[in-house]
Amino acid sequence: MIKLNNLTVAYNDNTVISDLTYEFAKGSTAITGSSGIGKTSLINAILSLVPYKGTIESDEKYSVVFQEDRLCPYLTAFKNVRLVCNDKDKIADGFAAIGLSDCMNEKVISLSGGMKRRVAILRAVLADYTTIIMDEPFKGLDDDTRLSVMNYVKKMTSGKSVLLVTHDLSEAGFFNCNILNL
């Protein structure tokens with residue numbers, strides 16, 4: 100359960116979210132809206148990464164795919180995922196599912212942007228969580244890769260809650276999301 104009560108997020112004199120009250124239903128919710136409207140600020144407030152006014156009630160354990168890939172560049176892709184999951188077989192299966200079996204022993208710094216994105220998604224999906232928050236997770240992936248990764252994420256998040264920040268309503272539909280349009 101995540102409940103926002105009179106949530107306001109401001110940076111200096113610039114208010115990006117004003118007096119938002121919302122209760123996220125169990126399951127999937129897409130947070131949509133135009134660029135700069137406050138989607139990322141909202142999830143950063145939920146994660147207590149930015150100051151806010153109002154209250155946020157939550158009993159969730161989060162895993163996150165940030166807009167930028169927050170990986171350890173000098174660790175291998177495998178070791179980045181191993182930081183959150185000790186099951187080597189599950190990790191190897193995950194790399195196979197996202198098309199990166201051949202790269203899992205490469206240092207992240209040597210991977211392309213799309214490869215890093217998939218490693219970040221895999222790490223978040225294999226962590227221990229009740230709600231996964233994904234901020235534009237599929238950006239930069241070609242159509243075929245995007246679809247296979249989305250299928251993997253959908254399979255692995257079954258029975259968990261998903262908060263998906265996206266500009267693409269087809270992604271929201273794919274995950275059967277309720278829509279919170281800011």
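The opening position of the sequence shown corresponds to residue 100 in our numbering, with each subsequent residue numbered one higher.
The beta carbon of each residue, even a glycine, is placed where N, CA and C say it ideally should be.
Owing to the predicted nature of the structure, the values given are computational and were not obtained by experimental measurement.
{"Asked": "A196 (DSSP reduced to helix, strand or coil)", "Found": "helix"}
{"Asked": "Beta-carbon proximity list for C276, same chain, < 7 Å, skipping 5 on both sides", "Found": "S127, T128, A129, L263"}
{"Asked": "Where V207 falls: helix, strand or coil (DSSP)", "Found": "helix"}
{"Asked": "Given L103 as reference, the closest of Y110, N111, N143, A195 once Cα atoms are compared", "Found": "N143"}
{"Asked": "Alpha-carbon to alpha-carbon, R245 and F237", "Found": "6 Å"}
{"Asked": "Endpoints, beta strand (DSSP E) assigned at S140", "Found": "Careful: S140 lies outside any beta strand (DSSP E), inside the alpha helix (DSSP H) at 138 to 145."}
{"Asked": "First through last residue of the alpha helix (DSSP H) which encompasses K254", "Found": "242 to 255"}
{"Asked": "Backbone CA spacing between Y121 and V115 [nearest angstrom]", "Found": "16 Å"}
{"Asked": "Spatially closest choice to D201 from A219, G212, T175, by CA coordinates", "Found": "T175"}
{"Asked": "Sequence-distant residues of its chain with Cβ nearer than 7 Å to I136 (five each side left out)", "Found": "L281"}
{"Asked": "Helix, strand or coil at M233 according to DSSP, with G and I counted as helix", "Found": "strand"}
{"Asked": "Close beta carbons around K189, own chain, < 7 Å, minus the five adjacent residues each side", "Found": "L225"}
{"Asked": "Contact the stretch 144 to 164 vs the stretch 191 to 209: 3+ CB pairs below 8 Å", "Found": "no"}
{"Asked": "Nearest to L182 (by Cα), restricted to the options L221, V248, I232, D241", "Found": "L221"}
{"Asked": "Given T139 as reference, the closest of S269, V218, S157, V164 once Cα atoms are compared", "Found": "V164"}
{"Asked": "Simplified DSSP state of G132, which is helix, strand or coil", "Found": "coil"}
{"Asked": "D201 (DSSP reduced to helix, strand or coil)", "Found": "helix"}
{"Asked": "Which listed residue (V207, N179, G239) has its alpha carbon closest to that of G213", "Found": "G239"}
{"Asked": "Beta-carbon gap between I197 and R169 smaller than 8 Å", "Found": "no"}
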